[in-house]
C-alpha cells in the first residue's frame, strides 16, 4: 500500500469509538489486577515548562522505537545535554500484557488516525475510512503493537543501498546495529545475533496444538524450522517477539527507563507536542512545543532530530516550511525548503482470508515466505499461494482442517468465488493498513528523497535530521519495529561520528 499525505490525509478518531461496555469493564478489571505486580513501570522525572533548560545540545522529537534509542545513545556521553520531547505520557500496566494488544486501538495513548473516506477501498468500514493506529506514548507504537520482532529480508536493505542510493544501508551495514540493540534468547548467537543489548528477543510462549500441527504441516510441505531473523527466511517458525517474562518490553522500557534515573544530562518532557522546527536562515536552531496549552521555545546547540514517526515527522516538517512548495504556499506556510515530504508513503496491507493469492508467477517453492516478498519486489517473481497446499498435508487432514468456502455477501455478484474479480472485491471491502506505515521522508539520492544517507534533511538545510520509519526508502518484508530501532542505533552512531566526539562508538 502506498500513497501520499494528500491521498491518506488523517483525522483524529473521535472518542465516540470507545470499546463496548463489556470490554471496557474487563480492561478496568485487568488494570486493577495488575497494578501491584507491575512495580517496574517507568517513574520518570516530570518537568514543568519553567524548569527545562533554555538550550540543549540535542533535541529529539518523539520517544518511539527510534527516538528512544537515539536518546539513550547520545546521552551516554555525560558532556552532552539531551532533551527528549514526547507528545504522550507513560504506558499503563495493561499495555504490558500481551493478550491486551488487540484492545490497544483508540485509547488515550493512540493518535487514533483514520484515513479520509475512500472511494475504492475500506468499503466495509464505517464511512469507508480505515484506521491508522499510532502510539501517542513514550515508547510509541511499540507500546501498542503485537510485539513481533521481524527484521525483514537482507534483500530489502541491499535494495535501499543499490536502488535508492542509500549508501551505508545495505544488509551488511545495518546488521551490526540490529545486533547492537538485541539481547537474543532464541538460540545460538552466531554471526547474525547480538547479546547484552537492551531489547530481549525470544519466542512467544504461544505453543498450542493447532500451531504444532501447522509447523508439522510446513515440514511435510518441504519447509524446515527457520530463524527468520537469521541468514535465510525460507521456512516456518514460531514468532519472535520483544517480550520478557511474559510481558511487553517496549522501546521506552528498554532504552529510557533503564537510564533515566542515572543520567542527569537526559531530560524527558512528556505531554509535550512539537508544533514547529525553528530556523535561523536555513539552519535548524530549536523547536516550539506546547504542554497543557502553554507554548515554549527551546534551542538546540547542535542538532534537532525528528523521530515522531511516519505521520508525525512529516507533519512537523510541513508545518516548519519543509515540503512540496505548492502545498506549503496553498496553506500560506513560508517555504524553507521545497522537498517531496509525504509523497512516498507505504504500508503493508492487512487482510484476513483463507485463500490469499499474491502473484501469477511461480518461484519453484510451494509456500509463502519473507524472502518471496523481497524476491517479488526485486524481480517481480514469487509464489502463488493456496492454502489448499498446506491443507492437503497429513498433519492438517489429521485434525479435519477444511478450506474456508463461505462467500462474502457483498462480493457474491462480483464473480465466481476466488476469481480475480471476487478477490478484488474482497480487498476493496476488507483490506486495511497494516500498522507499518513508513517512507514519508525517504533517504537516498532518488528524486523522492527527503534526507540523505546520513539522515540529514536535503537541500540547504543544516542542523536537522529525521530518524524513524519515515526515512525508509522502501518498506521492509516484515514488521517495521525492529527496523525502526535499528535506524535509531545507526542514526545515533552517525550523529556522534559527525560531531567529532571521542565517545566510543555506539555499536558494541
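Numbering (my numbering), first residue to last: 340 to 847.
Glycine included, every Cβ here is placed at the ideal spot set by N, Cα and C.
From the options, residue whose alpha carbon lies closest to that of residue i
{"i": "residue 497", "options": "491, 489, 529, 508", "result": "508"}
{"i": "residue 817", "options": "603, 556, 776, 671", "result": "776"}
{"i": "residue 745", "options": "526, 738, 756, 838", "result": "756"}
{"i": "residue 576", "options": "550, 830, 593", "result": "550"}
{"i": "residue 823", "options": "454, 645, 612", "result": "645"}
{"i": "residue 657", "options": "680, 748, 637, 569", "result": "680"}
{"i": "residue 663", "options": "484, 786, 625", "result": "786"}
{"i": "residue 616", "options": "832, 580, 637", "result": "637"}
Contact set for residue i: own chain, Cβ-Cβ below 7 angstroms, skip 5 residues either direction
{"i": "residue 651", "result": "401"}
{"i": "residue 510", "result": "493, 496, 497"}
{"i": "residue 329", "result": "Residue 329 lies beyond the stretch modelled for the chain, which goes from 340 to 847, so this question has no answer here."}
{"i": "residue 372", "result": "Note that residue 372 scores a pLDDT of 39, beneath 50, so its modelled location is shaky; the value from the coordinates is reported in the next line. Nothing listed; no residue qualifies."}
{"i": "residue 836", "result": "none"}
Buried versus exposed, by CB contacts within 10 Å (16 or more), residue i
{"i": "residue 447", "result": "exposed"}
{"i": "residue 564", "result": "exposed"}
{"i": "residue 505", "result": "buried"}
{"i": "residue 783", "result": "buried"}
{"i": "residue 595", "result": "buried"}
{"i": "residue 521", "result": "buried"}
{"i": "residue 547", "result": "exposed"}
{"i": "residue 439", "result": "buried"}
{"i": "residue 470", "result": "buried"}
{"i": "residue 466", "result": "exposed"}
{"i": "residue 738", "result": "exposed"}
Sub-7 angstroms separation of residue i and residue j beta-carbons
{"i": "residue 473", "j": "residue 517", "result": "no"}
{"i": "residue 781", "j": "residue 788", "result": "yes"}
{"i": "residue 830", "j": "residue 794", "result": "yes"}
{"i": "residue 407", "j": "residue 590", "result": "yes"}
{"i": "residue 420", "j": "residue 604", "result": "yes"}
{"i": "residue 519", "j": "residue 838", "result": "no"}
{"i": "residue 820", "j": "residue 586", "result": "no"}
{"i": "residue 687", "j": "residue 773", "result": "yes"}
Close beta carbons around residue i, own chain, < 8 angstroms, minus the five adjacent residues each side
{"i": "residue 750", "result": "761, 764, 765, 768"}
{"i": "residue 834", "result": "397, 409, 413, 642, 644, 804"}
{"i": "residue 647", "result": "400, 401, 403, 406, 426, 613, 654, 655, 807"}
{"i": "residue 545", "result": "577, 578"}
{"i": "residue 852", "result": "For the chain, the structure presents residues 340 to 847; residue 852 sits outside this window and is missing."}
Contact set for residue i: own chain, Cβ-Cβ below 6 angstroms, skip 5 residues either direction
{"i": "residue 622", "result": "801, 802"}
{"i": "residue 479", "result": "403, 404"}
{"i": "residue 676", "result": "661, 798, 800"}
{"i": "residue 424", "result": "400, 608, 611, 613, 628"}
{"i": "residue 422", "result": "395, 398, 606"}
DSSP beta-bridge partners of residue i
{"i": "residue 618", "result": "623"}
{"i": "residue 575", "result": "564"}
{"i": "residue 777", "result": "685"}
{"i": "residue 644", "result": "399, 804"}
{"i": "residue 477", "result": "Per DSSP, none; premise fails for residue 477."}
{"i": "residue 628", "result": "613, 635"}
{"i": "residue 676", "result": "661"}
{"i": "residue 607", "result": "423"}
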